[in-house]
Amino acid sequence: MSPSSETAHGQRLVIVESPAKAKTIKGYLGPGYIVEASVGHIRDLPSTAAEVPDKYTGEVRRLGVDVDHDFAPIYVVNADKKSQVSKLKSLLAESDELFLATDEDREGEAIAWHLQQVLKPKVPVHRMVFHEITKTAIQEAVANPRELNQRLVDAQETRRILDRLYGFEVSPVLWKKVMPKLSAGRVQSVATRLVVERERERIAFRTASYWDLVGTFGTGRTPADSADPETFGARLASVDGKRIATGRDFGSDGRLKAGSTNTLHLDEQAARQLAAALAQTAFGVRSVESKPYRRSPYAPFRTTTLQQEASRKLGFGAKRTMQVAQKLYENGFITYMRTDSTTLSDTAISAARAQVTQLYGADYLPDAPRTYASKVKNAQEAHEAVRPSGDRFRTPAETGLTGDDFKLYELIWMRTVASQMKDAVGQSVTVRVGGAAADGRDVEFSASGKIITFHGFLKAYVEGADDPNAELDDRERRLPQVAQGDPLAAERISPEGHATKPPARYTEASLVKELEDREIGRPSTYASIIDTIIQRRYVFKKGTALVPSFLSFAVVNLLEKHFGRLVDYDFTAKMEDDLDRIAAGEAQSVPWLKRFYFGEGEGAGGGAAEAGNGDGDHLGGLKELVTDLGAIDAREISSFKVSDAITLRVGRYGPYVERASEVEGEPGQRADIPDELPPDELTVELAEELLAKPSGDFELGPDPVSGNMLVAKDGRYGPYVTEILPEGTPKTGKNAVKARTASLFKTMSLDTVTLEDALRLLSLPRVVGTDAEGVEITAQNGRYGPYLKRGTDSRSLTSEDQLFTVTLEEALAIYAQPKQRGRAAAAPPLKELGTDPVSERPVVVKDGRFGPYVTDGETNATLRKDDDVETITPERGYELLAEKRARGPVKKTAKKAPAKKATATKAAAKKTTAKKTAAKKTAAKTTTAKTTTAKKTAAKKTTATAAAKKTAATEED
1206 MSPSSETAHG QRLVIVESPA KAKTIKGYLG PGYIVEASVG HIRDLPSTAA EVPDKYTGEV
1266 RRLGVDVDHD FAPIYVVNAD KKSQVSKLKS LLAESDELFL ATDEDREGEA IAWHLQQVLK
1326 PKVPVHRMVF HEITKTAIQE AVANPRELNQ RLVDAQETRR ILDRLYGFEV SPVLWKKVMP
1386 KLSAGRVQSV ATRLVVERER ERIAFRTASY WDLVGTFGTG RTPADSADPE TFGARLASVD
1446 GKRIATGRDF GSDGRLKAGS TNTLHLDEQA ARQLAAALAQ TAFGVRSVES KPYRRSPYAP
1506 FRTTTLQQEA SRKLGFGAKR TMQVAQKLYE NGFITYMRTD STTLSDTAIS AARAQVTQLY
1566 GADYLPDAPR TYASKVKNAQ EAHEAVRPSG DRFRTPAETG LTGDDFKLYE LIWMRTVASQ
1626 MKDAVGQSVT VRVGGAAADG RDVEFSASGK IITFHGFLKA YVEGADDPNA ELDDRERRLP
1686 QVAQGDPLAA ERISPEGHAT KPPARYTEAS LVKELEDREI GRPSTYASII DTIIQRRYVF
1746 KKGTALVPSF LSFAVVNLLE KHFGRLVDYD FTAKMEDDLD RIAAGEAQSV PWLKRFYFGE
1806 GEGAGGGAAE AGNGDGDHLG GLKELVTDLG AIDAREISSF KVSDAITLRV GRYGPYVERA
1866 SEVEGEPGQR ADIPDELPPD ELTVELAEEL LAKPSGDFEL GPDPVSGNML VAKDGRYGPY
1926 VTEILPEGTP KTGKNAVKAR TASLFKTMSL DTVTLEDALR LLSLPRVVGT DAEGVEITAQ
1986 NGRYGPYLKR GTDSRSLTSE DQLFTVTLEE ALAIYAQPKQ RGRAAAAPPL KELGTDPVSE
2046 RPVVVKDGRF GPYVTDGETN ATLRKDDDVE TITPERGYEL LAEKRARGPV KKTAKKAPAK
2106 KATATKAAAK KTTAKKTAAK KTAAKTTTAK TTTAKKTAAK KTTATAAAKK TAATEED
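See the structure below:
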């Protein structure tokens, strides 16, 4: 079947998800084809009750699912997709065949099914699938279409209904008991629990101190070269046969673990005494153990390993990785990026092997092609690994890519080529050095070395590590060539102290790995899951680490105590197994959903076990769980002991610490907690410090003119003074009176501001005088600092004090100067920090409008209040930039155009909307969270309550 045979087949309509994908494919198909995008999902479950057709009422209207009639979903065409559906229908009316060319996975199959249901084609329909966008692949896909896979569609629908029930039933519980606009999700909540549990481990952790000795030993042979060094370092391994305690011998309580009977724990004094006793010791080589070293290549990338390596090597978050990968796929540079498989096609293996020979020589090419078995349970082996597209791989230099696109392509290309190279081989050596101390104790030191004699695949690619202190595979450690019995001279023996560290927080890469290892959720959804828990403020980033908020502690506490099974790791993994069995046709959807929602009681149907659900017992009844909320004490689940006297509470407006009042019935002392304080840093001492700080309203005294009380407060945007208006003062309407308010100067603080200061601040703006033309000049304090204003002409003042001291003559002199247009010449940096490891650009500290900040020319990050220009380190600067990149750009709210301009700008507005929609699709497939975002226009038509529900009830994994 020729893909360009227009006369033989008439016009063919090909529908894909994104405009970028459509544009690439259109170039490969010729004039007989129209390629159009659906722009993601065109139909979904309703996000609010207002979108549900009027014929549905009650629970069906609330959930969008008819739980009493076999969980029939109520689908509606997305409000923002109606015009696109109309366009597709008109194109279909002029076509003779329809090709549904959405992605080859469950979600892609579901999109294709919804398109078929909505468009109701009367022409032949074909399912066109491909895993790379190259001319050959697209033409083969057109020539060899298949039927729609209803089993995949049913599996995706079951997941969608399950997530809807979970999200829309559990989220309202969080609204009532913790805080409005929160969300719960089948995988989202479990991922949050993992991050919270790690923080709990850090809070409970107690540091242990331990010491050992480090020695430098010389062979006495000269001259030495790099292959046979004269000296080497070794660490104390044992004393009198007892192994020296290391970090792994201590528990999280700071004590030696049980069973460490043959372990010697050295403290500083003992280590120094032993070092002194070894000052005159004659040492010798007691043993030399040599073993062959062999390291095989890493498997080609699947979705999760790509996310992990992009995080380690490029500093990308999971979301950013998938955005860039989607763009590379849609433009024909790589294969489909959502895959569980590590399989390479014969064509890809041939391309990789050819490139190995071309770039590294035949010595690096193994005799037979390498194959890799997937380690992922229920992996979809029909997909390939993520690799460069085509039957000949383009080198990164040949692609013409730049920036992040180039970096990610290069990573994928290197990994794929390296997977078809020979093993790295060499020798690993362990040398034991012994001697007797002056007090008679026998000591042994140990040194390990590694020599790589043939680098093999390591020439092309070395995998990164989550632990920054871990040694990478290509690192060599050479030891001298010594034999048993050789004498050695101790050139230096010094004690070295260590302290155990709490378990490291999860990064995006390590959380992805943990979720996959526990078989929770599907790897293709992990990027959107992590993005969701960050957007919901359950987690924030500190550098690359994921830190749980105090809010997440309250949410997880509630879920663990009252919905324990729903956030149980094994239960969630079992649910994933069940969903995979439904996808494989080994279980039935409706009986399974009945058991999950209704449990053993009425409506359970009794068929879940027979439907292939394993033990048939691990599903509870969600409906009953969310109905009886009387046992949930909202205050209790949001309260956490800091000390006997101080409690942390998560309130509706944020977390705070509270010390109970000594007088019963009196309110306790409270202090807000900084938004981004890591929970493990809230110590008793810090809580005391926060409570000791001035907070709340400070009465300064009455205004001598109005008699109104003046108070100082600490607000969201900093400290300020204001007046308390008398009771009964109208606050709305045309007679409303607004309280005077003024921000404190930078030189003022809450605990030192006086009534006189407040009166001066509230006297602003101050009239300085009038110019020769009678125009009034005033001194005012604004968002960007103090300034003078004459009509519409403003001029900056150099200090806040000038607001009260500047005279009319001085003001006129300022206005006599020509107004500076544009920006002033750039001031020199305050400090240079070095080269950023991510952007590879020089990082400097500059002085800005809002204070000092670090920048690499692309990203700016304001210094925190604890940072000092003089003492800030390069590492701290890089960390601030990494945090800013992780948060992404600030979203600006678009201004509404005036109604009278709507007609004139209609075409431009449509074009802009299309571009924005395409950009959102490029980031990732439309998940529930993104659907929620996309439906903001529809949501504006609903009540405020419905809008709040829409925001919170995310039923994403």
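Each step along the sequence shown adds one to the number in my numbering, with nothing skipped, and position 92 is 1297. Virtual Cβ for every residue (Gly too), placed ideally from N, Cα, C.
- Within the stretch 1471–1524, the runs of alpha helix (DSSP H) at least 4 residues long that lie entirely inside it are, in chain order, 1473–1482 and 1508–1514.
- Considering only 1855, 2087, 2072 and 1848, the residue with the shortest C-alpha distance to residue 1890 is 1848.
- Residue 1843 counts as buried, since no fewer than 16 other beta carbons sit within 10 angstroms of its beta carbon.
- In the three-state reduction of the DSSP assignment, residue 1433 falls in the strand class.
- In this structure, residue 1950 lies near residue 2005, with their beta-carbon atoms less than 8 Å apart.
- It is roughly 19 Å from the alpha-carbon of residue 1933 to the alpha-carbon of residue 1910.
- Assigned with DSSP and collapsed to three states, residue 1780 falls in helix.
- Nearest to residue 1885 by C-alpha distance, out of 1590, 1317 and 1751, is 1751.
- Shown here, residue 1389 sits in coil according to DSSP, grouped into three states, outside any helix or strand.
- Rounded to the nearest angstrom, the gap between the Cα atoms of residue 1264 and residue 1833 is 17 Å.
- At a cut-off of 4 residues, the continuous stretches assigned as alpha helix (DSSP H) that sit fully inside the stretch 1602–1669 are 1608–1623.
- Counting only runs that start and end inside the stretch 1855–1898, the alpha helix (DSSP H) elements of at least 4 residues fall at 1889–1897.
- Per DSSP, the unbroken beta strand (DSSP E) holding residue 1422 starts and ends at 1414–1423.
- For residue 1242, no alpha helix (DSSP H) segment is defined; the enclosing uninterrupted segment is the beta strand (DSSP E) at 1238–1242.
- Residue 1331 has 1304 as its beta-bridge partners, per DSSP.
- Residue state for residue 1326 is assigned as coil, using DSSP reduced to three classes.
- In the DSSP secondary-structure assignment, residue 1925 is bridged to 1918 and 1948.
- Given a length threshold of 3 residues, the stretch 1264–1288 has no whole run of the beta strand (DSSP E) inside it.
- In the three-state scheme derived from DSSP, where H, G and I count as helix and E and B as strand, residue 1762 is classed as helix.
- Per the DSSP secondary-structure output, residue 1985 pairs in a beta bridge with 1992.
- Contact between residue 1362 and residue 1278 holds: CB atoms are separated by about 7 Å, below the 8 Å threshold.
- Residue 1684 carries a coil assignment under DSSP once its states are collapsed to helix, strand and coil.
- Per DSSP, the beta bridge partners of residue 1698 are 1420.
- Going by DSSP, residue 1955 is part of no beta strand (DSSP E) at all; its letter is neither H nor E.
- The residue from 1487, 1321 and 1360 with its alpha-carbon nearest to that of residue 1424 is 1487.
- Under the three-state reduction of DSSP output, residue 2068 falls in the coil class, being neither helix nor strand.
- With a cutoff of 8 Å on beta-carbon distance, residue 1400 and residue 1758 are scored as not near each other.
- Contact annotation: residue 1465 and residue 1454 have beta-carbon atoms nearer than 8 Å.
- Remark: fewer than three beta-carbon pairs, one from each stretch, lie closer than 8 Å, so the stretch 1212–1232 and the stretch 1247–1267 are not flagged as touching.
- Apart from sequence neighbours up to five positions away, the residues of its chain that approach residue 1297 with a beta-carbon distance below 7 Å are 1218, 1303, 1324 and 1326, ordered along the chain.
- Contact between the stretch 1650–1662 and the stretch 1590–1604 is absent: fewer than 3 CB-CB pairs across the two stretches fall below 8 Å.
- In the structure shown, residue 1534 falls within a helical segment according to DSSP collapsed to helix, strand and coil.
- When the beta-carbon positions are compared, residue 1878 and residue 1858 stay at least 8 Å from each other.
- In the pairwise beta carbon analysis, the stretch 1377–1394 is classified as not touching the stretch 1431–1451: fewer than three pairs are separated by under 8 Å.
- Judged by beta-carbon spacing, residue 1837 lies beyond the 8 Å limit of residue 1594, meaning their Cβ atoms are not closer than that value.
- Counting along the chain, residue 1796 sits inside the alpha helix (DSSP H) bounded by residues 1794–1803.
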